[in-house]
Amino acid sequence: MAMKKRVPMREQAPEERIKNFDSVPLGYSKEEAIEEAARCIQCKNPTCESGCPVRMKIKEIIDKIAHEDFKGAFLLSKQDNAVPAMTGRVCPQEEQCEGVCVLGKKGDPINIGKLFAFVADWARESNIVDQPEIKENGKKVAIVGAGPAGITCAVDLRKMGYQVTMFEALHLAGGVLQYGIPAFRLPRDVVDYELAFLEEIGVDIQVNRIVGQNVGFDELREEYDAVYLATGAGAPKFMKIPGEKLKGVYSANEFLIRVNLMKAYQFPDWDTPIICGDKVGVIGCGNVALDAARAAKRLGSKEVYILYRRTKATAPARNEEIHHAVEEGIIFQEMTCPSKMVGDKDGWLTHINLIKTRFQGLDRSGRPKPVNIDDSEFEMELDTLIVALGTTPNRLFLNNAPELDTFDWGGIKTGDNFETNLPGVFAGGDALNGGSTVIAAMGNGRDAAVAIDEYIK
Ligand SMILES: Cc1cc2nc3c(=O)[nH]c(=O)nc-3n(C[C@H](O)[C@H](O)[C@H](O)COP(=O)(O)OP(=O)(O)OC[C@H]3O[C@@H](n4cnc5c(N)ncnc54)[C@H](O)[C@@H]3O)c2cc1C
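In structure tokens, the structure reads:
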């Protein structure tokens, strides 16, 4: 019998969506979700579950969807994942659950991410809420940073009965989910709705509180039974080439914060200062670079280039994002490495110099290694340049916690149970791993919650 193909996802047409910040995928209908879930062959040993960092019961959830038990599927997904509508949309499923789906060997793997997003959206529209029973245990935990790692640790600890207080530097909780990933991938009503769950179950979220600046780290250690550091990796890396301080050159973080957190995406009704010229270059080809490029296109830039020293086939960005970027007319200038940025007499960027590259052997991570080709330098006119080359942990907090053991690159050192060298202080997420993924940070948050519970008990 021929294997059924994946139920296609309806999407906004590229020529329409580049004029707005609305979600690109339009989501499954009930009928489509049931049909897609019914393709699952319910493997005896579900490989899809083995690689999920938060240990979701994928097989059982899909079975419930196939049998139209959406409520059951939603409540089961919430047991292990505080924010299933968000992870359904942004997880790199092709490298995890969907990447090992048995159906993928000969055809299309189950569309696990979109099914989970469907169920969570259905629950929101149907006013189905998860109401865990919480028995207070009288102990208090402070969490520094309200991104995916902090959120997950907070929810798990709260369910165990802890009084949890989160300290977040920005004016909104969510970390990268709020300030980094644009609304066309992660609609803001979805973010707000899933974050509201934390306050509903009694997590106290204190925004505009920067630990190490307007909240003392030592005070937290004295006042709380344990502290979880989930401060992320928000400091951008640069190439250290000439011209990086020219006007018109941004870090991707600054650009995306202006777009998302300061609402430049609500153009023309919102007047956040953001300079986004006609010809924009973005250095890098990860999710961050593509988010910046696709946001620039939506802000009205005529030509947007991804400048990358490898090829898009070897890039770290999610396949879906590369596919969407190509459809939207983002131009991939592959196998080119920036050498300098050049400006006019007033200090505004005018162009970038690029050197062509070729592959030679493998680098330390096992990826093809790009090397520069002699005498291949050329100029490209640009009026805006966005640097998206990864991030490291912010020094703001670390400089105020000199007794905390860290790596030279700024990552916090911990033992296997996520405890740092300071008793009762735990850490996780990007603060520990450097730039990683939402679900990896959430997996860290879950493991740390168990370790903190054991420590306090
Ligand atoms: C633009 C962009 C796109 C991405 N796309 C994807 C994707 O598609 N899929 C995916 O899986 N991953 C993606 N990632 C990576 C993913 O978002 C991160 O790995 C994840 O958010 C890390 O979670 P975290 O909780 O460790 O840190 P963060 O999300 O960075 O949250 C840390 C929080 O701590 C706060 N904080 C920092 N210092 C302090 C302090 N001193 N006091 C109080 N609060 C503090 C910060 O303000 C922030 O809110 C993307 C990242 C970016 C930047």
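Mapping to this note's numbering: the sequence shown position 102 is 102, numbers consecutive. We treat Cβ as the ideally placed atom computed from N, Cα and C, and that holds for glycine.
### Message
Using the Cβ count rule (16 or more neighbours within 10 Å means buried), how would you classify A313?
### Response
exposed
### Query
Is the beta carbon of N208 within less than 7 Å of some heavy atom of ligand 1?
no
### Query
Who does H67 pair with in a DSSP beta bridge?
Answer is none; H67 lacks a bridge partner.
### Task
Closer than 8 Å by C-beta to A431: which residues in its own chain qualify, once you throw out the five before and the five after it? Chain order, please.
G145, A149, L229, A230, T231, G232, A233, P393, G411 and I412
### Task
Round the Cβ separation of Y162 and N137 to the nearest angstrom and send it over; I've been treating them as touching at under 8 Å.
6 Å
### Query
How is Y28 classed by DSSP in three states: helix, strand or coil?
coil
#### Entry: Segments assigned beta strand (DSSP E), at least 3 residues, entirely inside the segment 265-317
279-283 and 303-307
### Message
Between which residues of its own chain and T311 is the CB-CB distance below 6 Å, once the five residues before and five after are set aside?
### Response
E334
### Message
Could you compute how far the alpha carbon of V207 sits from the alpha carbon of I143?
### Response
12 Å
#### Entry: Assigned secondary structure, N444 (DSSP; H/G/I helix, E/B strand, else coil)
helix
### Query
In whole angstroms, what separates the C-alpha of Q93 from that of I322?
14 Å
### Task
Just grab the DSSP bridge partners of Y228 for me.
I143 and F426
### Query
Would the beta-carbon of C91 be found less than 7 Å away from any heavy atom of ligand 1?
yes
### Message
Applying the 10 Å Cβ sphere with the 16-neighbour rule, what's the burial state of N20?
### Response
exposed
### Message
With a threshold of 8 Å, are at least 3 pairs of Cβ atoms found where one atom belongs to the segment 149-160 and the other to the segment 254-267?
### Response
no
### Query
Of all the options M9, V24, E403 and I18, which has the alpha carbon lying nearest to the alpha carbon of E303?
I18
### Message
Which residue wins for smallest C-alpha separation from A37, given the options N111, P368 and G27?
### Response
N111
#### Entry: Segments of 4+ residues assigned as alpha helix (DSSP H) that fall wholly inside the segment 372-405
395-398
### Task
Would you list the one or two residues that DSSP bridges to Y250?
I386
### Task
Since I believe N444 is in contact with G429 (beta carbons under 8 Å), could you give me their beta-carbon distance rounded to a whole number of angstroms?
5 Å
### Query
Which residues in the same chain have their Cβ closer than 6 Å to the Cβ of K247, if we skip the five residues on either side of it in sequence?
G347 and W348
### Query
What's the C-alpha gap between L186 and T437?
15 Å
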